[in-house]
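Enquirer: What follows is a single structure, and I will ask about it in a moment.
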Amino acid sequence: MKFGYFDDAKKEYVITTPTTPYPWINYLGSQEFFSLISNTAGGYSFYKDAKLRRITRFRYNNVPLDLGGGRYYYLFDNGDFWSPGWAPAKKELDFYECRHGMGYTVIKGKRNNISTEVTFFVPQNYNGEVHKVVVKNEGTEKKQVTLFSYLEWCLWNADDDDRNFQRNFNTGEVEIKGSTIYHKTEYKERRDHYAFFTVNSPITGYDTDRESFIGTYNGYQNPKAVEAGKSTNSVADGWSPVASHSIDITLNPGETKELVFVLGYVENALEEKWESKGVINKTKAEAMIAKFATVEAVDAALAELAAHWDALLSKYSVESADDKLNRQVNVWNQYQCMVTFNLSRSASYFESGVGRGMGFRDSNQDLLGFVHQIPDRARERIIDLASTQLEDGGAYHQYQPLTKKGNDSIGGNFNDDPLWLVLAVVAYIKETGDYGILDEMTPYNNDASLAKPLSDHLKRAFDHVINNVGPHGLPLIGRADWNDCLNLNCFSMEPGESFQTSTSKDGKVAESVMIAGMFTYIGDEYAKLMDKVGNKEEATRADNEVKKMRDIVMKDGWDGNWFLRAYDDFGKKIGSEENEEGKIFIESQGFCVMGGCGADDGRAVQALDAVEDRLGTKYGLVLNNPAFTKYYVEYGEISTYPAGYKENAGIFCHNNAWIMCAEAVVGRGDKAFDYYTRIAPAYTEEYSDIHRTEPYVYSQMVAGKDAKRFGEAKNSWLTGTASWNFIAISQYILGIKPEYDGLAIDPAIPTSWDGYKITREFRGDIFKIEIKNPNHVSTGVNSMVVDGKVVEGNVLPVFGDGKEHTVEVILG
Ligand code: BGC
Ligand code: NOJ
C-alpha cells in the first residue's frame with residue numbers, strides 16, 4: 015500500500031495523506047542552517063550543531079510522536095480553526111498534500127473553501143528558514159480569517175534545555191519590534207547569538223509566552239489564543255518563550271494573500287556584544303529580513319535552490335528502462351547522500367541531535383557517496399576528520415560539528431575506524447586528481463603542534479591495523495569494528511555497566527575477520543596510491559602486508575563454506591558452522607570478497623552463495639543467522655537485541671550494499687541488482703504500510719526474518735546505507751568508476767538488460783555514455799568508442815577541456 019507517489023519531473027515525493035505510517039520528513043538547508051520538517055510541519059531547526067545551537071524546541075518520543083514541536087500555522091475562520099498541515103489542530107481537511115522536494119517542502123491544506131499553501135525552505139547562503147504562505151478564498155463569499163503562526167524557542171543547548179528546568183524556566187527573554195519577535199535568552203551573559211521570527215506584513219497581535227498562547231491545560235491541538243481567535247500580546251518572562259504572530263486577513267471570492275515568514279539566526283562578534291552591554295545588535299537581522307521582504311525575492315531564491323540541485327544531480331545520472339532505478343540514482347539516493355554527509359548521525363527523527371555528533375567511520379563513509387557532488391567540501395571534511403586522528407593512528411570515534419574537536423563521550427578504540435579514512439582519501443583523489451591533499455599539514459588530536467602531512471595520517475591508519483593483531487595475525491577488534499554491537503572484550507562488564515563504559519579485560523585476543531577483509535581491500539588501495547605517487551618502497555611494503563593478511567584470512571578466517579566473523583576473547587570462533595547461533599555473518603563475506611580473498615579458488619563465490627542461502631529474505635539480507643535467541647556475555651550488545659532487530663539479524667541496509675559490490679566483483683550482475691532492488695526505497699514504496707518509514711530514502715535497518723515485525727524499517731535517513739548503495743549501483747553495477755587516470759567503465763548488470771545511458775561529469779569533462787548489451791552479458795567491455803575513435807581498454811581518459819564527450823560501449 016502507498017501513501018503518495020513520486021513526481022519525477024519535479025523531483026518530489028508527494029504525500030497524499032497526513033497520517034502516514036510514521037512521520038515522513040525532509041531536510042531543509044545544506045550548508046550551516048538546517049531544519050527537519052515532517053509532512054505535517056513538525057520538526058526543528060539548528061545552526062551547524064543540533065546539540066549546541068538548537069534554535070527551536072522538539073520533544074523526542076512525544077505522544078503523539080510528531081507533535082513534539084514544529085513551525086505551525088492555524089487558520090481561524092469564523093469560530094472554526096484548522097492547520098494547513100493537518101497537525102497540530104488535526105481538523106479534517108477537504109484537501110491535503112505534502113510535497114517533499116530538494117531542500118524544500120510544500121504543504122497544502124483546504125477547509126471550508128479556504129486553501130493554504132506553505133512552502134518551507136532554507137535559501138542558499140542564508141541562515142534562516144523561509145515560509146511562503148499563500149491563503150486563498152476559493153468560495154463565493156467574502157471571508158474574514160485570522161492566520162496564526164507558532165514556534166517554540168529552544169534555549170540553545172538542546173541537551174541542557176531538555177533537563178535543566180530549575181534554571182531554564184527563569185532565563186527566557188524576548189523582544190518584539192514591529193512584526194519581528196527576537197529570541198535573546200542568555201544574550202546578556204553567555205551568548206553572542208540570537209534568533210528571530212518575522213513576517214513581511216503588519217501584524218494584528220502576537221504571543222511570546224507559551225502558556226499565554228496555549229493555556230495551562232490545552233495543547234497544540236487547541237491553543238487558547240487560537241480558540242479565541244485573538245492573540246494575547248504576551249511577553250515571555252522566563253518559562254517557555256515562543257513566537258506567534260496573528261494577522262487578520264479579508265479575502266474576497268477568488269482573492270489570494272501571500273505572506274513571507276522568516277525564522278533567522280544571527281551571530282554577532284563577541285567584541286560587539288561586550289560593547290553593546292547585552293543589548294542585541296539587530297543590524298544583521300534587519301538585513302536578513304530585508305532580503306525576503308517580497309514574494310518575488312522568495313521565488314527567486316527558490317529558483318536558485320532548484321538550479322543548485324539540478325547542477326549537483328547532473329554530475330551522475332542514468333537513463334534506463336526502469337523508472338524506479340532512474341529516480342533512485344538520479345534524485346533520491348544522491349539527495350540522501352548530501353544529507354548524511356552534512357549531518358552524519360546527529361539529527362533525524364531517530365537521532366536526537368544530542369547523542370552523536372560526526373562519526374569518524376560514519377563521515378568517512380558518507381563522503382564516498384558525496385564526493386562527486388562538491389569535492390571541495392569533501393576535502394575540508396577529510397582534513398577535519400584526520401585532525402581528530404590520534405598519534406597512534408587510531409581515532410576519536412566522533413567529533414562535535416560546532417567545535418570540530420574529538421568527542422570522547424563514548425571513547426575510541428574501534429579498530430576499524432582508521433581504515434575508513436584511507437578509503438575516503440582514495441575516493442577523493444580518484445574523483446579530483448588532487449594529490450596535493452596528501453601534503454596538507456594536518457594535526458593529530460586537533461593539536462597543531464603535532465601536524466604532519468595527510469599522507470602520514472594514512473600510513474599511521476594502515477599501520478594501526480598491523481600493529482594491533484592477535485594470535486592468528488588477524489586484526490584485533492578493539493572495542494568493536496563496524497558492528498558496534500559485537501563487543502568481544504566486554505565480558506568483564508560489571509553489573510549495570512553498558513558496553514559503552516565497560517573496559518576490556520585486556521583486548522589482546524579478540525580478532526576481527528571483517529577488519530582483515532577491510533584491510534585486504536582498503537590496504538590494497540593504499541598500496542596502489544603509494545605506487546601512484548611514486549613512493550615505491552611504501553607501496554611494496556603495503557602490498558606485502560596485504561598479501562600476508564589475505565593468506566591469513568584464507569587460512570584462519572575461512573570456516574569451510576564462508577568467512578568467519580571473528581575470534582572471541584577466549585579464542586573461539588564466531589560466525590562458524592560450529593556455533594549454535596550466529597553461524598554466519600554478512601560483513602566479512604562482503605569485505606573479504608571485495609578485498610580479493612578467495613578470488614582464485616572459488617571460495618569467494620562459495621561465500622556469496624552461502625549469503626543468499628542463509629541470509630537472504632525478500633526484504634533484503636539479514637546480518638547474521640541464526641539470530642541470537644540467548645544472551646552471550648562474551649559477545650556483548652549484539653545478543654541483547656531481540657531476534658531480528660538491529661545488529662542481531664536485522665536487515666542492515668548498509669552492509670547489503672557490500673554484498674552487491676562483492677557480487678559485482680565476482681561478475682554476478684543479476685544477483686547484485688536483485689539485492690539492490692530488495693532494499694532500494696523506490697522499490698519498497700509498494701509496501702509502505704509494512705515498511706513504514708519514508709519511501710524515498712533508505713533506513714538503517716529493516717526487521718529481519720526472525721523478527722515479529724519482519725519488513726518494518728527503522729532509523730531512516732542518517733545511515734551509511736545511502737553512500738554505500740550509491741557506490742554499489744553507480745560504480746559496481748552500472749559500472750562507472752573514478753580511477754586515478756580516468757573514468758573506468760566496468761558494469762556488472764542483469765543479463766536481461768539491453769543497455770542504458772549515463773551522463774557523468776568528471777574533472778570538468780562531461781561524458782555522455784551509452785552502454786549497449788547486445789549479447790546479454792553481465793560484465794566485460796568488448797569495445798569502446800570515444801568521440802568517434804576507438805579507445806583500447808575500458809578507461810575513459812581525462813580530456814580536461816570541459817567539453818562534452820560521446821562514448822559508446824559495447825559489452826560482451
Ligand atoms: C546501536 C548501533 C549504533 C550504536 C551507536 C547501538 O546501540 O545498536 O546501531 O551504532 O548504538 O552508539
Ligand atoms: C550505526 C553506526 O552509526 C555505525 O557507525 C555502525 O557501523 C553501525 N550502526 C553498525 O553497528
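For reference, each letter of the sequence shown is one residue, going 15 to 826 in my numbering.
We put the CB at the ideal spot given by N, CA and C, even for glycine.
Can you tell which of G725, S469 and F374 has the C-alpha that lies nearest to the C-alpha of F666?
Expert: Mapped onto the sequence shown, residue 666 falls at position 652. Among G725, S469 and F374, the Cα nearest to that of F666 belongs to G725.
Enquirer: To the nearest angstrom, report how far apart L810 and P35 are at their CA atoms.
Expert: For the purposes of this step, residue 810 is taken as the residue at position 796 of the sequence shown. For the purposes of this step, residue 35 is taken as the residue at position 21 of the sequence shown. Distance between the alpha carbons of L810 and P35: 46 Å.
Enquirer: Counting beta carbon pairs with one atom in the region 128-141 and one in the region 226-242, are three or more of them shorter than 8 Å?
Expert: No: the two stretches stay apart, fewer than three of their Cβ pairs being nearer than 8 Å.
Enquirer: What's the gap between the Cα of V120 and the Cα of T417?
Expert: Here residue 120 refers to the residue found at position 106 of the sequence shown. Here residue 417 refers to the residue found at position 403 of the sequence shown. Between V120 and T417, the C-alpha separation is close to 33 Å.
Enquirer: In angstroms, rounded to a whole number, what distance separates the CA positions of L502 and G596?
Expert: To locate residue 502, count along the sequence shown from 1; it is residue 488. To locate residue 596, count along the sequence shown from 1; it is residue 582. For L502 and G596, the distance between alpha carbons rounds to 14 Å.
Enquirer: Buried or exposed: Q514, going by 16 or more other Cβ atoms within 10 Å of its Cβ?
Expert: What you label residue 514 is simply residue 500 of the sequence shown in a count that begins at 1. Reliability of the predicted coordinates at Q514 is poor, the pLDDT of 48 falling under 50, and the value obtained from them is presented with this limitation in mind. Classification for Q514: exposed.
Enquirer: Using the C-alpha atoms, what's the distance from L66 back to L732?
Expert: Numbered from its first residue, the sequence shown carries residue 732 at position 718. Numbered from its first residue, the sequence shown carries residue 66 at position 52. The straight-line gap from Cα to Cα measures roughly 19 Å.
Enquirer: Please specify which runs of the beta strand (DSSP E), each continuous and at least 3 residues long, are wholly inside the region 297-363, giving them in chain order.
Expert: DSSP runs (the beta strand (DSSP E)) wholly in the region 297-363: 330-333.
Enquirer: Could you tell me which of M532, A556 and M528 sits nearest to A541, measuring between CA atoms?
Expert: Walking along the sequence shown from the start, residue 541 turns up at place 527. Ranking M532, A556 and M528 by Cα distance to A541 puts A556 first.
Enquirer: Nearest to G369 by alpha carbon, out of D380, L357 and K198?
Expert: Here residue 369 refers to the residue found at position 355 of the sequence shown. Taking only the C-alpha atoms, the option nearest G369 is L357.
Enquirer: So which residues put a beta carbon under 6 Å from any heavy atom of the ligand NOJ, going in chain order?
Expert: With the cut-off at 6 Å, the residues found are R359, G373, R375, D376, W496, N497, D498, C499 and E661.
Enquirer: Would S713 be called buried (16 or more neighbouring beta carbons within 10 Å of its own) or exposed?
Expert: Taking the sequence shown and counting its residues from 1, the one referred to as residue 713 is at position 699. S713 is buried by the Cβ-count criterion.
Enquirer: Y234 and L381: beta carbons closer than 8 Å?
Expert: Residue numbering aside, residue 234 sits at position 220 when the sequence shown is read from its first letter. Residue numbering aside, residue 381 sits at position 367 when the sequence shown is read from its first letter. Result no, Cβ atoms of Y234 and L381 do not sit closer than 8 Å.
Enquirer: For R493, which residues of its own chain have a beta-carbon under 6 Å away from its beta-carbon, when the five flanking residues on both sides are left out?
Expert: One-based indexing of the sequence shown puts residue 493 at position 479. The answer, listed in chain order, is N427 and F428.
Enquirer: Under DSSP, the beta strand (DSSP E) around W167 begins and ends at which residues?
Expert: Taking the sequence shown and counting its residues from 1, one reaches residue 167 at position 153. Looking at the DSSP string, the run of the beta strand (DSSP E) that includes W167 is K157 to W170.
Enquirer: Are the CB atoms of V188 and P255 within a distance shorter than 8 Å?
Expert: Here residue 255 is taken as the residue at index 241 of the sequence shown, counted from 1. Here residue 188 is taken as the residue at index 174 of the sequence shown, counted from 1. Yes, they are a contact pair.
Enquirer: I'd like the list of long-range same chain contacts for A671, defined as Cβ closer than 6 Å, with 5 residues on each side in sequence excluded.
Expert: Sequence index remark: in the sequence shown, residue 671 carries index 657 (1-based). Around A671: W738, N739 and A742.
Enquirer: When the Cα atoms are used, what is the spatial distance from S334 to A172?
Expert: As a first step, residue 334 is located in the sequence shown; it is residue number 320 there, counting from the start. As a first step, residue 172 is located in the sequence shown; it is residue number 158 there, counting from the start. Cα-Cα distance, rounded: 45 Å.
Enquirer: Since Y330 and H386 are thought to touch, with beta carbons under 8 Å apart, how far apart are those beta carbons, to the nearest angstrom?
Expert: Residue numbering aside, residue 330 sits at position 316 when the sequence shown is read from its first letter. Residue numbering aside, residue 386 sits at position 372 when the sequence shown is read from its first letter. Their Cβ separation, rounded to whole angstroms, is 6 Å, which keeps Y330 and H386 in contact under 8 Å.
Enquirer: Between the Cα of K338 and those of E551, I69, R177 and Y27, spot the shortest distance and give me the residue it belongs to.
Expert: Position 324 of the sequence shown holds residue 338. When only C-alpha atoms are compared, the closest one is Y27.
Enquirer: What are the uninterrupted segments assigned as beta strand (DSSP E) that are 3 or more residues long and contained completely in the region 762-817, given in chain order?
Expert: The region 762-817 contains these whole beta strand (DSSP E) runs: 769-776, 779-786, 795-800 and 809-811.
Enquirer: Contact between the region 213-227 and the region 152-167 is defined here as three or more beta-carbon pairs at a separation below 8 Å; is this criterion met?
Expert: A contact exists between the region 213-227 and the region 152-167.
Enquirer: Among R181, I228, V353 and P432, which has the Cα closest to the Cα of F4?
Expert: Since the first residue of the chain shown is 15 and the last is 826, residue 4 is not available in this structure.
Enquirer: Taking D206 and L284 to be in contact with their CB atoms under 8 Å, please state how far apart those CB atoms are, rounded to whole angstroms.
Expert: Mapped onto the sequence shown, residue 206 falls at position 192. Mapped onto the sequence shown, residue 284 falls at position 270. With 8 Å as the limit, D206 and L284 qualify as a contact, their Cβ atoms being about 5 Å apart.
Enquirer: Evaluate Y645 with the Cβ neighbour count: other Cβ atoms within 10 Å of its Cβ, from every protein chain shown; 16 or more gives buried, anything less gives exposed.
Expert: Locating residue 645 in the sequence shown gives position 631, counting from the first residue. When all chains shown are included, Y645 counts as exposed.
Enquirer: So, is R828 buried or exposed, given that buried needs 16 or more other C-beta atoms within 10 angstroms?
Expert: Look at the range of the chain in this structure, 15 to 826, and you will see that residue 828 is not part of it.
Enquirer: Go ahead and pull the three-state DSSP assignment for P102.
Expert: For the purposes of this step, residue 102 is identified with residue 88 of the sequence shown, where counting begins at 1. Of the three classes helix, strand and coil, the one that applies to P102 here is coil, per DSSP.
Enquirer: Does the contact criterion of 3 or more C-beta pairs under 8 Å hold for the region 74-92 versus the region 391-409?
Expert: Judged by Cβ distances under 8 Å, the region 74-92 makes no contact with the region 391-409, as fewer than three pairs qualify.
Enquirer: From this set, W767, E753, G749 and T765, which residue's C-alpha is nearest I759's C-alpha?
Expert: Along the sequence shown, read from residue 1 onward, the residue named residue 759 stands at position 745. For the residues W767, E753, G749 and T765, the minimum Cα distance to I759 belongs to G749.
Enquirer: Is K719 buried or exposed, if buried means 16 or more other CB atoms sit within 10 Å of its CB?
Expert: Within the sequence shown, residue 719 is the residue found at index 705, counting from 1. Result: buried.
Enquirer: Let's test the definition: count the other Cβ atoms within 10 Å of the Cβ of N184 and tell me whether it reaches 16, buried, or not, exposed.
Expert: Looking up residue 184 in the sequence shown gives position 170. So N184 counts as exposed.
Enquirer: Would a C-beta distance cut-off of 8 Å place S59 and W38 closer than the cut-off?
Expert: Residue 59 sits at position 45 when you count from the first residue of the sequence shown. Residue 38 sits at position 24 when you count from the first residue of the sequence shown. Result no, Cβ atoms of S59 and W38 do not sit closer than 8 Å.
Enquirer: For E365, collect the residues of the same chain with a Cβ closer than 6 Å to its Cβ; drop the 5 residues on either side in sequence, then sort them by chain order.
Expert: Looking up residue 365 in the sequence shown gives position 351. Same-chain partners within the cutoff: R359 and L732.
Enquirer: Ends of the beta strand (DSSP E) at Q620?
Expert: On the sequence shown, position 606 is the one that residue 620 refers to. Per DSSP, Q620 belongs to no beta strand (DSSP E); it is in the alpha helix (DSSP H), R617 to A624.
Enquirer: My output table needs one value for W434: the three-state DSSP class, helix, strand or coil.
Expert: Taking the first residue of the sequence shown as position 1, residue 434 is located at position 420. Residue state, collapsed to three classes: helix.
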